[in-house]
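Oh and the sequence shown: position 162 is 190 in my numbering, straight run, nothing missing.
Structure record follows, encoded as C-alpha cells.
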Amino acid sequence: MENTLQELDIHIKRLRPDFYDSLQDPLEEKDIQALEEQYKIRIAEDLKKLYRWKNGQESSSYEVFVNNSMLMTLENALNTAQELTAMIGTDFDIENWWNRHWIPIFHNGGGSYICYDFEGTFTGNKGQIIEFWNRDPDRNVIASNLESFLKQLNDYYTRLSEDDADEFFTVEGQNGFPLRFYVK
C-alpha cells in the first residue's frame, strides 16, 4: 500500500499540482486512535495508511479526487457513517440501502459515496470498495480492496499526459469489476 500511495503522490503532484496543494496533511497515529475511540470503531490498516498519506481535501476544494468524488477527511467519513447508520430502520428501510459496516471515503457533494466495506456486503470480501447512491438502488462493488482501487487510479495517471488532465474521469472496469448488485 505504501508504494501505491507514493506513486499516487508523484502522479498528483506532477499532473494536478494545484489540486495536490488542496490535500490536507496526513493524520498521525495518535489522531487516528482518538477518532477510533470517539467513534468506537477499529479502522482497517489499509484505510489508516490512506489517511496517514493525506487526510482528505480542504473543505473549500471541490476538485474531484476520483470518479466524480472528493476525498473526505477521516473525521468527516466517520461522522457521516454514523449519521447514515442512525437512519437504518427509519429513513432506510430497505436492507443494504445503507449498511452499518460501510465507511464513506469519497463523496460527490450530493449525498452519494464511495465506501470502504468492512463486512464484505454481497460478496464476503472484507475491505472491498462499494458505491452508495442515495437515490438509486445499485450498490456496485468497484474494487476488491482499497489498494486495488488506488492502483487503478495510478494506472489512469500513468496513461495521462499533462495536457490531458481532466477532473472528470472514472476508474473502474478492471479485473472483473464492477460487480453489480441492487437493493429493493
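For each residue, glycine too, the CB sits at the ideal point set by N, CA and C.
Taking C-beta atoms under 8 Å as the contact rule, G155 and L174 qualify, at a distance of about 7 Å. Taking the Cβ atoms as the reference, Q85 lies roughly 5 Å from L99, within the contact range of under 8 Å. Contact check for L112 against W126 passes: the beta carbons are separated by less than 7 Å.
C-alpha of N31 to C-alpha of W81: approximately 11 Å in a straight line. The stretch 157–166 and the stretch 132–146 touch, with three or more beta-carbon pairs separated by less than 8 Å.
In the displayed model, Q61 falls within a helix according to three-state DSSP. Residue environment: T186 is assigned as exposed (fewer than 16 neighbouring CB atoms within 10 Å of its CB, all protein chains considered). Collapsing the DSSP output to three states places A171 in a strand. At the C-beta level, N124 and T101 stay beyond 7 Å of one another.
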